[in-house]
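J.:
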Amino acid sequence: MSGQPPAPRTGATPGKRASRKFDRRRLMALVRKESLQAMRDPSTILVAFVLPAVLLFLFAYAVSLDVREVRIGVVLESDGASAQSLAAAFSGTRYLKVTPARDRREVAAQVVSGELRGFVVIPQDFERRLASRVPQPLLQVITDGSQPNTATFVANYAQGVVQNWAISRSGGAPISAIELEPRYWFNPELESRRALVPGAIAIVMTIIGTMMTALVVAREWERGTMEAVMSTPASVVEILIGKLLPYFVLGMIATLGSAALAILVFHVPLRGSVLALMTLSAVFLIPALGQGLLISSVTRNQFLASQIALFSGFLPAFLLSGFFFEIDAMPLSIRAITYLVPARYFVSSLQTVFLAGDVWAVFIPDLAAMAAIGLLFFAIARSRTHKNLEP
Amino acid sequence: MSTTAGGRVTNDLAGHEMSTRPTPDSGRTPDQDVAVVIDNVTKQFGEVEALRGLSAGIRYGRLTGLVRPDGAGKTTLMRIMTGLLVPDGGHVTLAGFDVVRDNDAIHIASGYMPQRFGLYEDLSVMENLRLYAQLRGLDADQHGDLFASLLDFTRLGPFTMRLAGKLSGGMKQKLGLACALMARPRVLLLDEPSVGVDPVSRQDLWRMVQALTDDGMAVVWLTAYLDEAERCECVLLLNEGRLEFDGPPQELTGRLKQRSFRLTGAGDERRTLLSRALDLASVGDGVIQGDAVRVVLRQDVLREEIDTLAGSVGATVEPVQPRFEDAFIDLLGGGPGGTSALAERMEPVELDSDIAVSCRNLTRRFGDFTATDNVSFEVRKGEIFGLLGPNGAGKSTTFKMLCGLQKPTEGGAQVVGHDLRRATGAAKGRLGYMAQKFSLYGLLSVRQNLEFSAGVYGLDGATRRSRVNEMIETFDLQQYLGTSPDSLPLGFKQRLALACALMHRPPVLFLDEPTSGVDPITRREFWTHINGLARKGVTVMVTTHFMDEAEYCDRVAMMYNARLIALDTPDALKRDSRSDRHPDPTMEDAFIDLVESAEGRDQAGMDAKGAA
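Going line by line, the protein sequences match chains A and B. Residue numbers for the first sequence follow numbering that gives the first Met the number 0, so the first one is 0 and each next one is one higher. Residue numbers for the second sequence follow numbering that gives the first Met the number 0, so the first one is 0 and each next one is one higher.
1. Hey, how far is the Cα of residue 386 (chain B) from the Cα of residue 394 (chain B)?
2. Can you round the beta-carbon distance between residue 115 (chain A) and residue 71 (chain A) to whole angstroms, since I take them to be within the 8 Å contact cut?
3. Considering only DSSP beta bridges, list what residue 141 (chain A) is partnered with.
4. Where do the ends of the beta strand (DSSP E) carrying residue 95 (chain A) lie?
5. Can you confirm whether residue 381 (chain A), when its beta carbon is compared against all beta carbons of chain B, has any partner nearer than 7 Å?
6. Measure the Cβ-Cβ separation of residue 237 (chain B) and residue 51 (chain B) and say whether it is below 7 Å.
7. What do you get for residue 339 (chain A), buried or exposed, if any count of 16 or more other CB atoms within 10 angstroms of its CB means buried?
8. DSSP three-state call for residue 554 (chain B): helix, strand or coil?
9. When DSSP labels each residue in this structure, what does residue 479 (chain B) get in the three-state scheme?
10. Any beta carbon from chain A within less than 7 Å of residue 133 (chain B)'s own beta carbon?
11. With 7 Å as the limit, tell me which residues of the segment 427-452 of chain B have their beta carbon closer than that to any beta carbon of chain A; keep them in chain order.
12. Measuring only between beta-carbons, confirm whether residue 141 (chain B) sits less than 7 Å from chain A.
13. State the Cα-Cα distance for the pair residue 490 (chain B) and residue 76 (chain B), rounded to the nearest angstrom.
14. Mind checking whether residue 105 (chain B) and residue 93 (chain B) have CB atoms under 7 Å apart?
15. For the beta strand (DSSP E) containing residue 410 (chain B), list its first residue and its last residue.
16. For residue 135 (chain B), does the three-state DSSP call read helix, strand or coil?
17. In chain B, what lies closer than 9 Å to residue 228 (chain A) by C-beta?
18. Return the residues of the segment 69-93 of chain B that lie within a Cβ-Cβ distance of less than 9 Å from chain A, sorted by chain order.
19. Is there a Cβ from chain B that is less than 7 Å from the Cβ of residue 109 (chain A)?
20. Using the Cβ count rule (16 or more neighbours within 10 Å means buried), how would you classify residue 156 (chain A)?
21. Do residue 153 (chain B) and residue 177 (chain B) have their C-beta atoms within less than 7 Å of each other?
22. Output, in chain order, the set of chain A residues within a Cβ distance shorter than 9 Å of residue 126 (chain B).
23. By the 7 Å beta-carbon criterion, what residues does the segment 334-366 of chain A contribute toward chain B?
24. Where DSSP assigns a beta bridge to residue 341 (chain A), which residues make up the other side?
25. In the DSSP assignment, find the alpha helix (DSSP H) that holds residue 59 (chain A) and state where it starts and stops.
26. Give me the chain A residues within the contact set of residue 213 (chain B), using Cβ-Cβ distance strictly less than 9 Å, ordered along the chain.
27. Could you pull out every residue in the same chain whose Cβ sits closer than 6 Å to the Cβ of residue 552 (chain B), ignoring the five residues on either side in sequence?
28. Would you say residue 263 (chain A) lies against chain B (beta-carbon separation less than 7 Å)?
29. Taking just the CA atoms, how far does residue 205 (chain B) sit from residue 60 (chain B)?
30. Mind listing the chain A neighbours of residue 113 (chain B)? Cutoff is C-beta to C-beta under 8 Å, in chain order.
31. Cα-Cα, which of B:143, B:484, B:473 and B:371 is closest to residue 437 (chain B)?
32. By the three-class DSSP mapping on this structure, what secondary structure does residue 162 (chain B) have?
33. Is the CB of residue 300 (chain A) under 7 Å away from at least one CB in chain B?
34. Between the alpha carbons of residue 300 (chain A) and residue 314 (chain A), how many angstroms are there, rounded?
35. Strictly below 9 Å CB to CB, what residues from chain B border residue 39 (chain A)?
36. Work out the CA separation of residue 362 (chain A) and residue 376 (chain A) for me, nearest whole Å.
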């Protein structure tokens, strides 16, 4: 540059590159810095790789919405042959684990202490009731109402056992006129793991996208490095993109890892294409990162940032996305709120891509909604971020 | 570029379209030497007026000190100059660019080192340098010479691979400076560059800044230390958002001709002498300086009163050179009086033993890092004992072990006869502790803070009420009882913290960095109380990194690299370091001298080991 003829006002003209609003090399310098920091920070590994694995394991094994081996008591007060065979029918099912008893007082105490979820009483006069022409209640079913789902299950299932037992006794002729044979699409065994694991990926992505972004920006404010970078010619757009790009890549890697874990370890089928999965994840990262950025533009403190990210990102993604609790079962007002939660669209698409296949009729509205929410977050964050320290 | 002929630091960058001195710009010749023009700038944060109509100029080729002796909000003006804050009113131009309208240009023309240096701690020295070079539009590979010269200039060459977080305070500061110097700024802005840096590194920084200003750069040095201001070529002195003084520091001190005196020969009576001197109408300010008392007379008064007072205790009066701090206090209308209402009320302390605090072979290790290494000393009753050293020297760890907040790895300590290992509770009941930054409860009112500390030391019923009321009266806290300590003026905050620490009348008082971030006038009031307490027989242990504050102490223990490198009276320490270079050394000179000889001994020891 020294070869250039000195302009009349060299002293007052800033360098050409330096005054540019967007400079690829400055951006790359920021990206490299952020990547180095992320790689050296043990918490990155923890959040991006260990946490997803733990979450997936939890949702795959520890959390199960399926009812299996429910512990109940069967109180056999009658010694009749029919009563004996009904008791045997209860013991024979794989959905119940039966504790036999002769006296209801034995099992009642265990229901109180929570060891049993309920008990069935086969009364002393069972044979007489069975023989009676007037239909009479055959059994008494007592369940633990403090766990409503299980209680309903025990009650219904007890009824089913009795019906099956009655059918087999009467020689196989169905009692009801119409027999229903339900078939569950996409998840024939109704294994909750298959729906939960894809949903868990949405949670993982929310943590990486929103929580980590909010934290790393707040950290720069706390350590005073933001001030130093802002006093250089780097522009706000460069600083923001430089922050987001590495976490975008990290989020995609974590998705791939989680998907591999889901498919290979938890045997969740991937019926759609990897391309669709990656497209969905990439678009979901727009609102996730945008939200993280927005949080960090509101607070410059790591503790506060993590709290806000928890309440505005993680919890809605967990509770309102339909991943764990069905949206259709929610009251109308809450259901309305779920439309603002980007994870809702991601969960719906994730479950589709894993369990159904590439259904673009589902994906396209979901993608559009995620992109729209994301762009809104970015627009607000950008308008709130100035290249100075004014709050 | 031959006109500016870049200096040793960045001459290879000379062609980078920037010269240090601006070329005349549209006929504004009178301003051509002015790097920064501050024109009637105001800035408000909520209720607080940080700047109230400030106007000043900063010139090229000079070191300008931006001095605001209290901690609050002094970064505001500097942040406005770097374009990081927008002034509410008025204008600032830097190198000819308006900081608001030409914000982008400001970031090119200026180099800025924020507090704590703005370094990425998990990046290495070289990675930090490369990042800032690239952000400023330089290609690290093409500017190898520049890197080499910066590394040479800052003497960081051997540490390029080390993570910035693992550097010492002084090395961080040099790296921060190197990052700010990338792309050769015309104006260099340094925000409290010497905080957290040992005196030896501070010397290095002065040397580097000197080289830069000789080269024509404008350097602004923000500081709370008045002794640093004295070394600047030009000073902007801010107080409560207004410019109190703008000019060379000598001009301000020059106003004090024949008004600064040293009273020597009072010996053990020097605290009484200072107290009485400060109560004289003709004395505006006074401090203890080792064995002597230093006073500054008010404007247009005679030295008669002070002569009489000195005569009555057999001290001699001699005129001395005024210091910048004298001038500053004078500018603000003098310091507080010499009587401590607190000490007046205290009963004299009686102890069984003459030794109040002692420790033997005190050692504390954290993993393979030794924070305190084999420290032993004894503190007599009624003594003011200073623990002096730069950040990280181990004084806080030593201090915490002495007040039972941390267990020593080896060795032991006693406070008024209680062993801190076995009778920690009993020992703690006999000492008062004032933590750094005062540590008051912001969510409790002033009264609740007082009552809490009374309760926590086990006072109740009538004693508690009377003690709390006594503190309120002594420290004049009545008007603030319902407010939060956070909203108190600094001086009152300090009084409250002292009141809380003294609630149970402890014979030993521990003060951890009591005066950092505190303005000189509040500091004087604080020392008035401490002097008063010492006269009543209270033993005071104090840590400080203000070298001149060590002068108040009876004895000073100097710590460096976890070890005690010297222990003596301030005067003896200064006397021992007297040399041709420093015929009248300050405490800081003495400290640097001691550190250098300690390092020399280390080196010799290692060489001896190597030879054997």
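We put the beta carbon where it would ideally sit given N, CA and C, even for glycine. Remember, it's a predicted structure, so these values are computed and weren't measured experimentally.
T.: The short version:
1. 6 Å
2. 6 Å
3. A:118
4. 95-100
5. no
6. no
7. exposed
8. strand
9. helix
10. yes
11. none
12. no
13. 24 Å
14. yes
15. 409-414
16. coil
17. 117, 130, 131 and 134
18. 78, 81, 82, 83, 84 and 85
19. no
20. buried
21. yes
22. 31, 32 and 35
23. none
24. Its beta-bridge partners do not exist; DSSP assigns none.
25. Here residue 59 (chain A) belongs to no alpha helix (DSSP H), and DSSP marks it neither H nor E.
26. Those within 9 Å of residue 213 (chain B) in chain A number zero; the least Cβ separation is about 19 Å.
27. 383 and 385
28. no
29. 14 Å
30. 223, 226, 227 and 230
31. B:484
32. strand
33. no
34. 20 Å
35. 121, 122 and 162
36. 21 Å
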